[in-house]
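Q:
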Amino acid sequence: AIYYIVGENENVLKNSPLLEAYKKNDIEVLILDDKEIDEIITPMYGAYQEWEFKDITSCEAPKVEQSEEDKKEVEAKFEDITKKIKEILGESVSDVRVTNRLSESPSCVVKDAGDAQMAQMAQMMKAMGQAMPETAPILEINPEHEIVTKLNGLADDSLVSDVSWVLLDQAKLSEGMEITDAVAFAQRLNRITAKAL
2 AIYYIVGENE NVLKNSPLLE AYKKNDIEVL ILDDKEIDEI ITPMYGAYQE WEFKDITSCE
62 APKVEQSEED KKEVEAKFED ITKKIKEILG ESVSDVRVTN RLSESPSCVV KDAGDAQMAQ
122 MAQMMKAMGQ AMPETAPILE INPEHEIVTK LNGLADDSLV SDVSWVLLDQ AKLSEGMEIT
182 DAVAFAQRLN RITAKAL
């Protein structure tokens, strides 16, 4: 497969948390920084010779050595917190799940494989000056990251809420996406920082 990531800023794309699993497995990813064109055209190619094009924002990450039993154990351990985060974030996300694609970042946002065509349609509508509602991303959390492990089982509901929103917003910012409310993001960071000091 030929893996690729599309966005508007090459530097943001090169530092995307989504690349962590690919770097770890020495898999090259094509960086496409002309979002208006690349997001529409690249999926239309389908394949180059025998290699299929795969958008890393909507496909499974390279296999990280983890047995099915270990995967289920991790999912069970973090089931309550993923449900709680989903409840807090509501319609801002389509799902919340643990992932093994991250090694350094606490969270990332991905889209459902079925949403790829909707993203293409939204990009074409935007190019024509028409608005189309964005599809909510999937928030993936890294069960090995200190923030996520501390969040799991935390009793302070207001802190869980603030951290949940920060995990989503920082994941969006890391992908070059806009966050819904920058003022609320700053206020949440201030509250978290005040509790940490």
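Letter 175 of the sequence shown, counting from 1, is numbered 176 in this note's numbering, and no numbers are missing.
All residues carry an ideal CB built from backbone N, CA and C; glycine is no exception.
For R192, report the span of its alpha helix (DSSP H) as first-last.
A: Counting along the chain, the alpha helix (DSSP H) containing R192 begins and ends at 183-197.
Q: What do you get for I42, buried or exposed, if any count of 16 or more other CB atoms within 10 angstroms of its CB means buried?
A: Counting Cβ neighbours within 10 Å, I42 comes out exposed, since fewer than 16 surround it.
Q: Look at the alpha carbon of I3 and the alpha carbon of T100, and state the distance between them as a whole number of angstroms.
A: I3 and T100: Cα-Cα distance of roughly 22 Å.
Q: Taking one C-beta from the segment 85-99 and one from the segment 139-152 each time, how about it: are there three or more such pairs within less than 8 Å?
A: As far as the Cβ criterion goes, the segment 85-99 touches the segment 139-152, which means the pair count is three or higher.
Q: In whole angstroms, give me the CA-to-CA distance for I193 and K112.
A: Spanning the two alpha carbons is a distance of roughly 28 Å.
Q: Locate the beta strand (DSSP E) running through D96, then write down its first and last residues.
A: Per DSSP, D96 belongs to the beta strand (DSSP E) from 96-99.
Q: On the DSSP bridge list, what partners appear for D56?
A: Partner(s): Y5.
Q: Do D158 and R189 have their C-beta atoms closer together than 8 Å?
A: It is not a contact, given that the beta carbons lie outside the stated cut-off.
Q: I'd like to confirm something about A156: is its beta-carbon nearer than 7 Å to some heavy atom of the ligand GDP, or not?
A: As presented, the structure is devoid of all ligands, the ligand GDP included, so that no description of it is given.
Q: Closest to K196 by C-alpha separation, out of V161, G154, I82, would be which residue?
A: Comparing Cα positions, the closest option is V161.
Q: Can you tell which of E105, I57, K73, K85 has its C-alpha closest to the C-alpha of L14?
A: With distances taken between Cα atoms, L14 lies closest to I57.
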